[in-house]
Structure formats: C-alpha cells, structure tokens
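Undergrad: The structure follows.
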Amino acid sequence: MDGQRWLPLEANPDFLGQLGLRPSWQFGDVYGLDPELLSMVPKPVCALLLLFPVSEKVPSPCVR
C-alpha cells in the first residue's frame, strides 16, 4: 500500500448536523455489495458513504 493514504472521516455530531444528517440517523458497516451482504444492512438506508485509499490514480480533494 505504498503511496496510498486514508483521509480521516469526520464523525463529530455537530459537523454531521451541518451536513443535514438527522440525530436519529446512524452509521452501519457494509461488508460488500453482493446481495447476501447487502441484506445484512439495517433498513431503511438513506445514503452510502464510500471510503477508499487515496493514491496517485485518485485525485485528492485537498489539492486545488
């Protein structure tokens, strides 16, 4: 994984509220996108947040 780094995810409730997330909403882990694993995700689902390592192939959102 040389050359890759993970950007930190902001989990501050005040920050998430500024994004429009309701206090009653929760985060859950998704272990895969195949039907069997997706069936384990609590319902209803409002959004899917993808986390992946940043590398030379993926432009960094911090670079202007």
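So my numbering is basically just the index in the sequence shown, starting at one, shifted up by 49. Every residue gets a Cβ at the ideal spot worked out from N, C-alpha and C, and that includes glycine. Quick caveat: nothing in here was measured; it's all calculated off a predicted structure.
1) Do Leu97 and Val79 have their CB atoms nearer than 8 angstroms?
2) Just how far apart, CA to CA, sit Val90 and Gly77?
3) Can you check the stretch 74–106 for any alpha helix (DSSP H) of at least 4 residues that lies completely inside it and give the ranges in chain order?
4) Counting only the same chain and skipping the five closest in sequence on each side, list residues whose C-beta sits under 8 angstroms from that of Cys95.
5) Could you compute how far the alpha carbon of Leu68 sits from the alpha carbon of Glu85?
TA: Inspection of the coordinates gives the following:
1) yes
2) 7 angstroms
3) 84–87
4) Trp74
5) 31 angstroms
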